[in-house]
Each structure stands twice: as structure tokens, then as C-alpha cells.
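Here's the structure, in C-alpha cells; my notes come after.
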Amino acid sequence: MNKYVLIGILTLLTVFGLSACGGSDENVSDENNGNDSHSHEEVDTVTDKESDAHSDHEGMNHSGSSEVAEGMTESEKPAYPVGSKAIINAQHMTGMNGAEAEISGAFDTTVYTVTYTSTTDGELVKDHKWVVHEELENEGSAPFQPGDEVVLEADHMDGMNGAAAVIDSAEQTTVYMVDYIDTETEEAVTYHKWVIEGELSSL
1 MNKYVLIGIL
11 TLLTVFGLSA
21 CGGSDENVSD
31 ENNGNDSHSH
41 EEVDTVTDKE
51 SDAHSDHEGM
61 NHSGSSEVAE
71 GMTESEKPAY
81 PVGSKAIINA
91 QHMTGMNGAE
101 AEISGAFDTT
111 VYTVTYTSTT
121 DGELVKDHKW
131 VVHEELENEG
141 SAPFQPGDEV
151 VLEADHMDGM
161 NGAAAVIDSA
171 EQTTVYMVDY
181 IDTETEEAVT
191 YHKWVIEGEL
201 SSL
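Have a look at this one:
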């Protein structure tokens with residue numbers, strides 16, 4: 001009798017042991033599934049942020065040269081003359097909105113927002129502000145219209161020069177080159193191209 005009782009006890013202990021192990025595996029599996037799901041969310045979040053960053057002028061050259069495209073016409077009576085100061089009301093890049101700017105150039109032209117594919121990484125850049133008429137290949141005298149396909153000759157951003165683009169909008173206005181202090185890094189930005197008249201306000 002004692003022999004059978006002992007065998008029964010051992011059998012019960014074995015069953016309980018296996019059940020415990022099975023429960024642990026399920027917990028581990030659940031935890032892993034949870035982690036995997038979290039990882040996918042993090043990857044998706046990073047991808048979205050990278051996409052947003054690229055759309056929001058990632059790789060844009062803060063400072064530029066005082067040289068402008070051939071054929072540009074200086075504005076005779078700009079609302080903000082060269083040497084005057086204004087507040088920037090634009091968010092082309094971080095540290096720009098709200099910065100005090102000094103006008104370093106003013107030109108009358110047609111200005112465009114464009115969507116193009118970067119020549120460096122193949123990413124689609126949507127609604128880039130701004131490209132002026134004289135920065136387009138074979139621009140001619142007549143302005144382009146939304147939907148027109150063009151080739152960019154501007155180098156405001158990495159992968160822009162030589163890129164195929166589509167015109168999103170067109171506007172005849174005065175565009176400005178500006179110098180300002182980045183509100184986040186406090187670094188000096190010189191000859192930034194471009195800010196349009198509607199993106200500036202008086203001090």
C-alpha cells in the first residue's frame with residue numbers, strides 16, 4: 001500500500017511540475033508577444049517621425065550664399081528693405097519661427113511650393129517652401145502652374161539640385177533672403193533662402 005501511495009504522490013508532483021513549466025512558457029510567450037508589439041509600434045513611430053522630419057525640411061541648409069540665380073530682379077520698393085528688420089512667422093525649420101531677422105536681399109519673382117524626389121535618398125519631399133522661378137531648369141519667362149513638371153536647380157536642401165518636381169502652388173510676390181539667430185541653438189544663420197513677404201511682420 002505504501003508503495004502505491006508513494007507512486008501516486010510522485011505522479012501528482014510530476015503533473016504539477018509540468019503544469020507550472022507550461023504556465024511559465026505561456027507567460028514568457030505573452031511577454032514576448034507584448035514586447036514584439038511594442039517594438040513594432042516604436043519602429044512605426046520612428047518611421048513616421050523620420051518621414052515628418054524629411055517633409056519638414058530635414059537636411060535644409062540653414063545658411064547660404066549671397067549669390068542668387070541668374071535673372072533675378074531686385075525689388076525696387078520692398079515692404080522690408082535690405083538692412084531693415086522683421087519677425088519671421090514661418091516654420092520651414094526649427095529655430096526659425098519668431099526669430100528676429102535682418103533682410104539681406106529682396107527680389108520680385110514667382111515663388112513656388114514643390115513636391116520632389118530627393119536625388120540622394122529617393123525620399124519624396126512634399127510641399128517644400130520655397131523655390132523661385134529662376135531656380136528652375138529652362139524656366140523661360142512665363143510662370144509655371146500647379147501640376148506642371150519641372151527640374152530644380154536650387155540647392156536649399158541635400159538632394160534638391162537636379163531633382164524632378166511637380167509645382168504645388170505658384171504666387172507672384174517679393175521673396176527675401178534673411179539673416180537671423182536660431183531661437184533654439186542661438187547660432188547665426190546667414191542668407192537664408194527664402195522667406196516670402198507674407199511670412200514676415202514688423203517688429
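The sequence shown begins at 1 in the UniProt record's numbering and counts up by one.
Glycine included, each C-beta is placed from N, C-alpha and C at the ideal position.
Bear in mind the structure is a predicted one, so any value in this text is a computation, not a measurement.
If you compare alpha carbons, which of the options is closest to residue i?
{"i": "residue 229", "options": "Ala-86, Thr-120, Gln-91", "result": "A query on residue 229 cannot be resolved here, the shown segment of the chain reaching from 1 to 203 and no further."}
{"i": "Phe-107", "options": "Thr-119, Ser-118, Lys-77", "result": "Lys-77"}
{"i": "Thr-110", "options": "Ala-69, Pro-81, Glu-100", "result": "Ala-69"}
{"i": "Ile-181", "options": "Asn-97, Ser-65, Val-175", "result": "Asn-97"}
{"i": "Ser-66", "options": "Ser-84, Leu-152, His-192, Gln-172", "result": "His-192"}
{"i": "Ala-163", "options": "Ile-87, Glu-197, Val-131", "result": "Val-131"}
{"i": "Gly-113", "options": "Thr-190, Leu-203, Ser-169", "result": "The identity of residue 113 in the sequence shown is Thr, whereas the question assumes Gly. It is Ser-169."}
{"i": "Gly-147", "options": "Val-166, Asn-161, His-156, Tyr-80", "result": "Val-166"}
{"i": "Val-150", "options": "Trp-194, Ile-87, Asn-161", "result": "Asn-161"}
{"i": "Met-157", "options": "Gly-140, Glu-187, Tyr-80, Thr-115", "result": "Thr-115"}
{"i": "Thr-173", "options": "Val-189, Gly-198, Ala-188, Glu-186", "result": "Gly-198"}
{"i": "Ala-188", "options": "Asp-179, Val-195, Ile-196", "result": "Asp-179"}
Could you tell me the boundaries of the beta strand (DSSP E) in which residue i lies?
{"i": "Val-151", "result": "149-151"}
{"i": "Gln-172", "result": "164-181"}
{"i": "Thr-190", "result": "188-196"}
Who are the Cβ neighbours of residue i in its own chain at under 6 Å, not counting the five residues just before and after it?
{"i": "Gly-105", "result": "Met-177"}
{"i": "Ser-51", "result": "Note that Ser-51 scores 36 on pLDDT, short of 50, meaning its location in the model is unreliable; the coordinates nonetheless yield the value given after this. Closer than 6 Å at the Cβ level, and outside the excluded window around Ser-51, lies no residue."}
{"i": "Leu-124", "result": "Thr-117"}
{"i": "Glu-171", "result": "Val-111"}
{"i": "Glu-42", "result": "Caution applies to Glu-42, whose pLDDT of 33 falls short of 50 and renders its modelled position unreliable; the value that the coordinates give is listed next. Cβ within range, chain order: n/a, list empty."}
Between which residues of its own chain and residue i is the CB-CB distance below 7 Å, once the five residues before and five after are set aside?
{"i": "Asp-121", "result": "Gly-159"}
{"i": "Thr-94", "result": "Glu-184"}
{"i": "Ser-201", "result": "Ala-86, Ile-87, Asn-89"}
{"i": "Tyr-80", "result": "Ala-86, Ile-103, Ala-106, Tyr-176, Leu-200"}
Less than 8 Å between C-beta atoms, sequence neighbours within five positions excluded: which residues of the same chain meet that for residue i?
{"i": "Glu-135", "result": "Ala-69, Leu-152, Glu-153, Ala-154"}
{"i": "Leu-203", "result": "Lys-85, Ala-86, Ile-87, Glu-100"}
Q: List in chain order: all unbroken alpha helix (DSSP H) runs of 4+ residues lying wholly within the UniProt domain "DUF1541" (82-133).
A: none
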